[in-house]
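Asks: Order-wise, the sequence lines are chains A and B.
In case it helps, the working numbering puts the first sequence at residues 1069 to 1241.
In case it helps, the working numbering puts the second sequence at residues -17 to 498.
Every residue, glycine too, gets a C-beta built ideally from N, C-alpha and C.
Everything numeric in this text was worked out from a predicted model, so none of it was measured.
Have a look at the structure that comes next, please.
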Amino acid sequence: MAPGGGEGGPRTLDPRVRIAWWIAGTVRAALATAAAVAADVILPRHLDAWPTGWFPVTVGLLSFGLALVLPPVRFRRWRYHLRPHDVWIRRGILWVAVSVIPYARLQFVDTEQGPLERALGLASLVVYTAAPGTSGRIPGLDAEEAEELRERVAHLDETPGTELPRHGEAGGR
Amino acid sequence: MTDASAPDHPQGPGEAARVLEGEARPLHPAAIWLWTLETALPLLLLVVVAGLHPFLALAFLAALLALNWVRYRLFRWRVEPDSLVIERGLLHRRRRVIRRDQIQTVDLERGVRHRLLGVVEVRVEAIGAGGTEGKLAALDGLTAEALRRILLSGPAPTPFVGEAEAPAPGEILARVSPGRLVLAGLTGSRVGVAAALVGFLLQFVPEEVLVQLLEPRVPDVPDPSPAVAVALVLGIVGLALLAGFVLSVAATVVVHWDFTLSRADGTLWVQRGLLTQHRDSVPLHRIQAVRVEENVVRRVLGFGAVRAIVAGRAGPSEDRGADLLLPVGGRKEAFDLAEKVIGLGDAPAAPLQPMPPGARDRRLVRAAAAAVVAALVALAGAAAVAGPGWLAPAGFTVVGGILVGGPAAALALSGYRALGWTDLGTHLVVREGVFNRRSSFVPVDRLQELVTRTSPFQRRRGLATLHLRTARPVARGFTPRAVDLGEEKAEELRDGLPRRIRRTEPGSPRARVRRM
């Protein structure tokens, strides 16, 4: 799976991130179902027909089902690894993407916290290079650990062949 | 003011020295007219179309002139040792500071209006969070040239003393003749290709079918046989298409008139344009990758175009065209130019390696699937139309399948053959594209990030697509990629290439915190 090196192998996210994903998924499912219900009620009026009922039910089942099932699957598939020279991130269930971002290319390292994440004590680590858009995002990290990682990555040595400085304690996990 | 080419060398020390001096300078007064003209046209439309009273319009115009005069008086720009400062604004005072070491391009533009008034518009683009941009609506040519030279020469300007220096175009890398430009328009325009395709296909449609299709739609004309009416409609449509086509070819020729690509020091210069003259700069160190594009028609004729990814260009560069290094050229010319610009120089052209056979099989399977779908559709159609009996539907199914399957298979094979890659040590070359074959040259030192993406279908065959992400503008750009590479090879490159990148970014990454 992942190449070795660094401190231990690739790591998984904090299990609490599943809760965040469940909540977000449920909200989205509720919205989708509501929209489906609205469509099912409004559209037939224009066409002089009756609401069928099966459309919102299908949408509801699908969206709530996905909201329930996806988070644990996603959680199991997510991996990240801070290797000596680069960040390695693997994400995706069916369509899998593995990103490798050399430390030599990092321009910004952000920690991000939405209200949901804050409530759960989680944070995301986001790294940016000169390529447009977010280069690498590691969601669902323990907030303290995310801060720690951010500081480590931000204080990289300036010598060529940049390496991630060794950390005193392995911390958690 | 010279007309054919951009303004010639400045008056030498005087002009440049004053630009350097750092005193706040105004724009050329013609700016007042330019700003007013921007609003004059819509105003004219309003008068003509909406019946706005002419006196009212004139009064409004006069007020606008006065306003723009004030605006002109309040506009100041100056060159400091490490930045370009622009101050403007009437009610809302704005001060824009552009760091000189972040300035990426300085473009000079002369539209018809500018030429009539004898001025030049200067646009400055810089990288940095947001990509600041500065615009000087009107400067006289000498000042503009001096300013550009100073801004692009680096943060520590060298004073102009002694003899005047002509802005040498440097070494000319490519020059496109009008004939070639017409060819570019003819072969490049999507409208043209579409029109050609439509025309080609229409030949095969029997006349009766067309008559049947169009007859109900043709308006009631006093006489005519359906054939005449149909011919009329087709004629009009055809003329419209033709007009559009001719216009787009003409537009291509005018926009790229006398396209000249040259190199001076570390910058490429693109000079082009008939009505609006452009002189755009492309600093070589901002070029992330170069691509040779050969669409179907051009490939047959042996021509190609060359485009570059230039990092940090904020805003729409579509109309600038400064990332187009060669609108059209012979195949060898295009590839030689691409290799030269990207730093491969005279290295012998290395052949591209093909992708694993699994990539071909994937595509053939998709073609087969398309054929099956077409056959089923034909079957359904035949069953609905032909009625009882199995011979006709069977025939339709087979014909439908072959009609779609044949070309689909050909496309699949062509798509596979278009794929290719090679690792030249300092550069990577990847190629893909059926209708538009794109060969991308990416220096390893320009890589920002490497991503392998696999779909479940690719994983089944042990394939993966490797994306070579470089710095690039958000507005347009492309990510060179090796499609359907062997999974092992893709991972090897993904993990190995980053180690070959030599660190160039000064300083550590900046840490930030964002709360949402």
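Mind reading off the beta-carbon distance from residue 67 (chain B) to residue 81 (chain B)? Whole number of angstroms is fine, and I expect it under 8 Å.
Replies: As a first step, residue 67 (chain B) is located in the second sequence; it is residue number 85 there, counting from the start. As a first step, residue 81 (chain B) is located in the second sequence; it is residue number 99 there, counting from the start. 10 Å between Cβ atoms; not a contact.
Asks: Identify whether residue 425 (chain B) lies in helix, strand or coil by the three-state DSSP scheme.
Replies: Numbered from 1 along the second sequence, position 443 holds the residue referred to as residue 425 (chain B). Three-state result, residue 425 (chain B): strand.
Asks: What does the alpha-carbon distance come out to for the pair residue 355 (chain B) and residue 21 (chain B)?
Replies: In the second sequence, counting from the first residue as 1, residue 355 (chain B) sits at position 373. In the second sequence, counting from the first residue as 1, residue 21 (chain B) sits at position 39. Straight through space, the alpha carbons of residue 21 (chain B) and residue 355 (chain B) are spaced by roughly 55 Å.
Asks: Identify which residue in B:253, B:272, B:271 has its Cα closest to the Cα of residue 263 (chain B).
Replies: Taking the first residue of the second sequence as position 1, residue 263 (chain B) is located at position 281. Residue B:253 is the option with its Cα nearest to residue 263 (chain B).
Asks: Of all the CB atoms in chain A, is at least one closer than 9 Å to the CB of residue 435 (chain B)?
Replies: Looking up residue 435 (chain B) in the second sequence gives position 453. Yes, residue 435 (chain B) counts as interfacial toward chain A.
Asks: Quick one: residues in its chain with C-beta nearer than 7 Å to the C-beta of residue 245 (chain B), no 5 flanking neighbours on either side, listed in chain order?
Replies: The residue given as residue 245 (chain B) occupies position 263 in the second sequence. Once the five neighbours on either side are set aside, the close Cβ partners of residue 245 (chain B) are 152, 153, 155.
Asks: Taking 8 Å as the cut-off, does the CB of residue 1213 (chain A) come closer than this to any heavy atom belonging to the ligand MN?
Replies: Ligands in the displayed structure: none, and consequently the ligand MN is not present.
Asks: Cutting at 7 Å between CB atoms, please list the residues of its own chain near residue 36 (chain B), excluding the five before and the five after it.
Replies: Along the second sequence, read from residue 1 onward, the residue named residue 36 (chain B) stands at position 54. Closer than 7 Å at the Cβ level, and outside the excluded window around residue 36 (chain B), lie 29.
Asks: Can you list, in chain order, the residues of the segment 457 to 480 of chain B whose Cβ is nearer than 7 Å to any Cβ on chain A?
Replies: 476, 477, 480
Asks: Leaving aside the five residues before and after residue 397 (chain B) along the sequence, list all residues of the same chain whose C-beta is less than 6 Å from its C-beta, in chain order.
Replies: For the purposes of this step, residue 397 (chain B) is taken as residue 415 along the second sequence, with counting starting at 1. Cβ neighbours of residue 397 (chain B) beyond the five flanking positions: 345, 416.
Asks: Please give the ranges of any beta strand (DSSP E) in the segment 47 to 95 of chain B, keeping only runs that are unbroken, at least 3 residues long and fully inside the region.
Replies: 58 to 61, 65 to 70, 76 to 81, 85 to 92
Asks: In three-state DSSP terms, what is residue 1222 (chain A)?
Replies: Translated into positions along the first sequence, residue 1222 (chain A) becomes position 154. In this structure, residue 1222 (chain A) counts as helix in the three-state DSSP scheme.
Asks: With which residues is residue 474 (chain B) paired in a DSSP beta bridge?
Replies: If you number the second sequence from 1, residue 474 (chain B) lands on position 492. Bridge partners of residue 474 (chain B): none, in fact.
Asks: For the alpha helix (DSSP H) that residue 1148 (chain A) lies in, which residues bound it at each end?
Replies: As a first step, residue 1148 (chain A) must be located in the first sequence, where it is residue number 80. Residue 1148 (chain A) -> not in any alpha helix (DSSP H); beta strand (DSSP E) instead, spanning 1147 to 1150.
Asks: Scan the segment 1091 to 1171 of chain A and note each continuous beta strand (DSSP E) run of 3 residues or more that stays entirely inside, going in chain order.
Replies: 1147 to 1150, 1154 to 1159, 1164 to 1170
Asks: Tell me the DSSP secondary structure of residue 1087 (chain A) in three-state form.
Replies: Looking up residue 1087 (chain A) in the first sequence gives position 19. In the structure shown, the three-state DSSP call for residue 1087 (chain A) is helix.
Asks: Counting pairs of beta carbons, one from the segment 439 to 449 of chain B and one from the segment 310 to 323 of chain B, are three or more of them closer than 8 Å?
Replies: no
Asks: Using a threshold of 9 Å, state whether the C-beta atoms of residue 1138 (chain A) and residue 1093 (chain A) are closer than that.
Replies: As a first step, residue 1138 (chain A) is located in the first sequence; it is residue number 70 there, counting from the start. As a first step, residue 1093 (chain A) is located in the first sequence; it is residue number 25 there, counting from the start. Yes, these two residues count as a Cβ contact at 9 Å.
Asks: Short of 6 Å in beta carbon distance, which residues of its chain neighbour residue 126 (chain B), apart from the five on each side in sequence? Order them along the chain.
Replies: In the second sequence, the residue the question calls residue 126 (chain B) occupies position 144. If the five residues before and after residue 126 (chain B) are omitted, its C-beta is found closer than 6 Å to the C-beta atoms of 90, 102, 104, all from its own chain and listed in chain order.
Asks: Check whether the Cβ atoms of residue 324 (chain B) and residue 293 (chain B) sit closer than 9 Å, and answer yes or no.
Replies: Numbered from its first residue, the second sequence carries residue 324 (chain B) at position 342. Numbered from its first residue, the second sequence carries residue 293 (chain B) at position 311. No, these two residues do not count as a Cβ contact at 9 Å.
Asks: Give the straight-line distance between the Cα atoms of residue 16 (chain B) and residue 331 (chain B), rounded to the nearest whole angstrom.
Replies: Working through the second sequence from its first residue, we reach residue 16 (chain B) at position 34. Working through the second sequence from its first residue, we reach residue 331 (chain B) at position 349. Straight-line Cα distance between these residues: approximately 50 Å.
Asks: For a contact meaning CB atoms closer than 7 Å, what does residue 293 (chain B) contact in chain A?
Replies: For the purposes of this step, residue 293 (chain B) is taken as residue 311 along the second sequence, with counting starting at 1. The answer, in chain order, is 1198.
Asks: From residue 335 (chain B) to residue 461 (chain B), what distance separates their C-alpha atoms?
Replies: Indexing the second sequence from 1 puts residue 335 (chain B) at position 353. Indexing the second sequence from 1 puts residue 461 (chain B) at position 479. Each residue's alpha carbon lies about 20 Å from the other.
Asks: Measure the alpha-carbon distance for residue 62 (chain B) versus residue 441 (chain B) and round it to whole angstroms.
Replies: Taking the second sequence and counting its residues from 1, the one referred to as residue 62 (chain B) is at position 80. Taking the second sequence and counting its residues from 1, the one referred to as residue 441 (chain B) is at position 459. Each residue's alpha carbon lies about 57 Å from the other.
Asks: Return the residue from the list B:72, B:342, B:79 that minimises the CA-CA distance to residue 500 (chain B).
Replies: Outside the displayed span of chain B (-17 to 498) sits residue 500 (chain B), for which this structure offers no information.
Asks: When you compare each of B:432, B:358, B:453 to residue 1167 (chain A) by their alpha carbons, which one comes out closest?
Replies: What you label residue 1167 (chain A) is simply residue 99 of the first sequence in a count that begins at 1. Ranking the options by Cα distance to residue 1167 (chain A), first place goes to B:432.
Asks: Is there a Cβ of chain B sitting closer than 9 Å to that of residue 1204 (chain A), yes or no?
Replies: Here the question's residue 1204 (chain A) lines up with position 136 in the first sequence. Chain B contact via Cβ: present.
Asks: Only counting runs of 4 or more residues, tell me where the alpha helix (DSSP H) segments fall wholly within the segment 268 to 351 of chain B, in order along the chain.
Replies: 278 to 283, 313 to 324
Asks: When the cut-off is 9 Å and only beta carbons count, does residue 1187 (chain A) lie next to chain B?
Replies: The residue labelled residue 1187 (chain A) in the question sits at position 119 within the first sequence. Residue 1187 (chain A) does not count as touching chain B.
Asks: Step through the CB atoms of chain E and report whether any lies within less than 9 Å of the CB of residue 324 (chain B).
Replies: Protein chains in the displayed structure are A and B, and chain E is not among them.
Asks: What residues match up with residue 260 (chain B) in a beta bridge as DSSP calls it?
Replies: Within the second sequence, residue 260 (chain B) is the residue found at index 278, counting from 1. Note: residue 260 (chain B) sits in a beta bridge opposite B:91, B:254.
Asks: Report the rounded CA-to-CA distance for residue 464 (chain B) versus residue 451 (chain B), giving the unit in angstroms.
Replies: Sequence index remark: in the second sequence, residue 464 (chain B) carries index 482 (1-based). Sequence index remark: in the second sequence, residue 451 (chain B) carries index 469 (1-based). Put simply, the backbone Cα of residue 464 (chain B) is about 11 Å away from that of residue 451 (chain B).
Asks: To the nearest angstrom, report how far apart residue 1173 (chain A) and residue 1147 (chain A) are at their CA atoms.
Replies: Locating residue 1173 (chain A) in the first sequence gives position 105, counting from the first residue. Locating residue 1147 (chain A) in the first sequence gives position 79, counting from the first residue. Their backbone Cα atoms lie some 21 Å apart in a straight line.
Asks: Below 8 Å on C-beta distance, what does residue 258 (chain B) contact in chain A?
Replies: Residue 258 (chain B) sits at position 276 when you count from the first residue of the second sequence. Correct list: empty, because the minimum Cβ distance to chain A is about 28 Å.
Asks: Looking at the C-beta of residue 425 (chain B), does it have a partner C-beta in chain A at a distance below 9 Å?
Replies: If you number the second sequence from 1, residue 425 (chain B) lands on position 443. So no, residue 425 (chain B) is outside the interface.
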